[in-house]
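Residue numbers (the numbering used here), protein chains in the order written: chain V, 1 to 319; chain L, 1001 to 1319.
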C-alpha cells in the first residue's frame, strides 16, 4: 500500500508521517511539498520525498501516474487567515487551485484512491452567539478569503464525489497545537515570547498580542493525525467531520496557563495590526460525529500539550 | 460618470451597452474583454473598448487607476457548466480568480465604486423537489465546478463588503435568452437547428438534444439588463437578488413552441454526451425581492422573446 501526503513538510505533515509509520511500518509513504529540502521522514524506511509545486497540474498528474496511491492526505494549504487578507489571489490559488489540480489528476490516474481533504473551522465563520458547540450541520458563513477557499474546496469535493464518483472524505479541523508549529500561529507566538523572556532571566514579558477575547478550540496535533487515520478508515464518502476537542478557551486563558507554567508575568502589548478585518468571536466544535462514527477521542489534555510546546521552544530558541 | 463593464463582448454585454447608452446618453462606458476586436458599442459615443485579460491583476489595476469608474458591472465569466466539468481549473480561474483581481484592484484604486457581481441560478444546485419558487434564502448546494466558482464569488463579495467596506451588490441570474446568444447554450442551439431545416426546405428536423425533462426559468436578455441597472440603483449593499421570470418551462415545451412557430416537426436525437455528470432537475426562481425592492418586472413574454431569437438566427444562418 502507498500513501501520498501533500504539504508533508509542514507542522502536521511531520507528525503524520511519524504516526503512519508507527501504525503501518510496511507502508510506502510518498511526501510532496514545495520546499527544496525537508527534515521530514528522515530515517523512516519506505518514506520518499518529492519537491513539487501543486500549482503545476501536469506535475501532479505525472506523480499520481507513477505512484498510484491508495490514500491521499491533502495537507497542503496556505492556511494563514491574515495572509489571505493581504494576498487574496495568492491564497486562493494555493488553496483552491492546488486542490482542483489534485482531484483532476486523481480522476485521471487513480480514480478509486481515497482522498482526505483537510478543511478548517474557519469555514463556519460567523456563528450565532451562544449557539453552543458547532456541529457539521451548522451553516457556513466564511469571513475571510482563506475561509472562502476552504468552503470551495469542500463544495468541489462533493461535486467530484457525486459527479465523478471520487472517494473523498473531508474534515473541518479546528486549531491545533504541538511541537514544530511555526510562530506565525497564535499559541507558538505566545510561547516563543515567554521562552525568550525565560532565557533572558526576566520575570515579565511584554507580550505582543491581538484580540484576546477570541475563543478557540485547540487539539494536540498528535490527536489530529490519529483522527485523520481513523477518518480514512471509517469516514463516509462525501461526508465532512469536525476535528476538535469540543473545549473552548479564550486566548487570555492560554496566556494565564503560560504564566503559571513559566512563573513569568505577561504585560499585554495589544497590537491593532494583529486584528483582522473580520474576526470570528468563538469557534468551538462538536466532535460527536468523529467520536461516534470513527471511534476517536482526544488523548492529550490542553495542559500536557502546552507543556510540550514549551519544551519544544526551549530547545528551539537561542538568544 | 463612468461605467466599466467586464466581459462586454459577450451576449449580455452588447445588450447592456445599448441599454445603458439609451438611458444615460452622456455617460462614459468603458468595455473590457479578452477578445481582440468586437462589434460591441460601435457608433455609441462615449463608449471605449480595451482588450484585457482579467487574469492579469496588474493590468486590471492599471485600468481602474486610469478609469476610476463609479459603477462596475462584472459580466466576465466562463459561464458554461459543461466546460467546467471538462476543464475545472480553467473554469475556476476564469470565474473566481478574475473576480478576486477585480475586487482587489477596486479596493486599491476606487474603493467607493459600486460593483454589480453577476452570479447564477446554478448556485442553488440541488433543490428539493416541489419546493416551489426558489428564494434567495434557499441553501446553496452547487452541483458543478462552475456553480462552486459562482458561490465562491458571492462569498468573496460578502467578505470584501464586510471586511473592507466595498460596495458590492450581487445577482443570481437564471437562464436568459435573446438575439446574439451563442449556440453553445440550449435555446439558441435548438433554434439554429430549426432554422437550418427551414432554410433547407425541410418539414422535419433531427434535433440533437440532452435531457428534455429539465425545467428552467428563461428571461429575455433585455429584461435582464434593465434589472442590472435597477439593482445598481436600488440594491442593498452586500445583498443578492434573483434575476428571473418566475416561470418554469420544460425544455421539451421550448421545442413544442419552436415546432408551432416554424411549422417544422422535431425528431429527437437524444445525445448522452450532452447529459451532465450531475443535473439540476428544476431551477425556477422567486423574483419578489427584485420586484419589491428595485421596482422591476419583466416586459418580454417568453414567446415574444423566442420569436426574436428565431429572427436573429434566420438572419445569422447561411447554408
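We put the beta carbon where it would ideally sit given N, CA and C, even for glycine.
None of the values given here were measured: they were computed from a predicted structure.
- Between the alpha carbons of residue 259 of chain V and residue 120 of chain V lies a distance of about 29 Å.
- Secondary structure note for residue 1209 of chain L: its beta strand (DSSP E) is the uninterrupted segment 1204-1209.
- Taking 8 Å as the threshold, the shortest C-beta distance from residue 1101 of chain L to chain V falls below it.
- In this structure, residue 167 of chain V keeps its C-beta atom at 8 Å or more from the C-beta atom of residue 110 of chain V.
- For residue 50 of chain V, not one C-beta of chain L is nearer than 8 Å to its own C-beta.
- With fewer than 16 other CB atoms across the displayed protein chains lying within 10 angstroms of its CB, residue 1204 of chain L is exposed.
- Per DSSP, reduced to three states, the secondary structure at residue 181 of chain V is coil, with no helix or strand assignment.
- With respect to the C-alpha of residue 60 of chain V, the residue from V:75, V:136, V:32 and V:11 having the closest C-alpha is V:32.
- The contact set of residue 1161 of chain L on chain V, defined by CB atoms closer than 9 Å, is empty, because the minimum CB distance reaches about 10 Å.
- In the three-state DSSP reduction, residue 1055 of chain L falls in the coil class, being neither helix nor strand.
- Here the C-alpha atom of residue 236 of chain V lies approximately 49 Å from the C-alpha atom of residue 1070 of chain L.
- Residue 1237 of chain L carries a coil assignment under DSSP once its states are collapsed to helix, strand and coil.
- Taken in chain order, the members of the segment 50-71 of chain V whose beta-carbon sits within less than 9 Å of a beta-carbon on chain L are 57.
- 1142, 1143, 1144, 1145, 1148, 1151, 1152, 1155, 1156, 1159, 1162 and 1163: these are the residues of the segment 1131-1163 of chain L whose beta carbon lies less than 7 Å from some beta carbon of chain V, given in chain order.
- The beta-carbon separation of residue 1013 of chain L and residue 1040 of chain L, rounded to 6 Å, stays under the 8 Å limit for a contact.
- Only those residues of the segment 1266-1286 of chain L whose C-beta falls short of 9 Å from the nearest C-beta of chain V are listed: 1276, 1277 and 1278.
- By the C-beta criterion, the segment 217-234 of chain V is judged to be in contact with the segment 11-26 of chain V, since at least 3 inter-stretch pairs fall below 8 Å.
- Using beta-carbon distances, residue 85 of chain V counts as an interface residue toward chain L, with a partner under 8 Å.
- Under the Cβ criterion of 8 Å, residue 202 of chain V is not counted among the residues facing chain L.
- Under the Cβ distance rule, residue 1198 of chain L does not count among the residues neighbouring chain V, no pair being separated by less than 8 Å.
- Cβ neighbours of residue 115 of chain V within its own chain (closer than 6 Å, five residues either side excluded): 72 and 168.
- Between residue 83 of chain V and residue 122 of chain V, the gap from beta carbon to beta carbon reaches 8 Å or more.
- Secondary structure of residue 78 of chain V (DSSP, three-state): coil.
- When the beta-carbon positions are compared, residue 176 of chain V and residue 129 of chain V stay at least 8 Å from each other.
- Within the same chain, Cβ atoms closer than 7 Å to the Cβ of residue 1178 of chain L are found at 1015, 1220, 1221, 1222, 1305, 1308 and 1309, the five residues on either side in sequence being excluded.
- Annotation: the continuous beta strand (DSSP E) that includes residue 1006 of chain L extends over 1002-1006.
- Note: residue 1250 of chain L is bridge-paired with L:1215 in the DSSP secondary-structure output.
- Between the beta-carbon of residue 1196 of chain L and that of residue 1188 of chain L there is about 12 Å, and that puts the pair past the 8 Å contact cut.
- With a threshold of 8 Å between beta carbons, residue 1088 of chain L makes contact with chain V.
- Beta-bridge partners assigned by DSSP to residue 169 of chain V: V:116.
- In this chain, residue 1102 of chain L is not harboured by any beta strand (DSSP E); it is covered by the alpha helix (DSSP H) spanning 1098-1109.
- Sixteen is the threshold: since fewer than 16 other Cβ atoms of the shown chains lie within 10 Å of the Cβ of residue 1184 of chain L, the residue is exposed.
- As DSSP reads the structure, residue 267 of chain V sits in a beta bridge with V:206.
- Within the same chain, 1145 come within 6 Å of residue 1088 of chain L by CB-CB distance, once the 5 residues on both sides are set aside.
- In the DSSP assignment, residue 47 of chain V forms a beta bridge with V:29.
- Close to residue 1092 of chain L, with beta-carbon spacing below 7 Å, are these residues of chain V in chain order: 96, 97 and 100.
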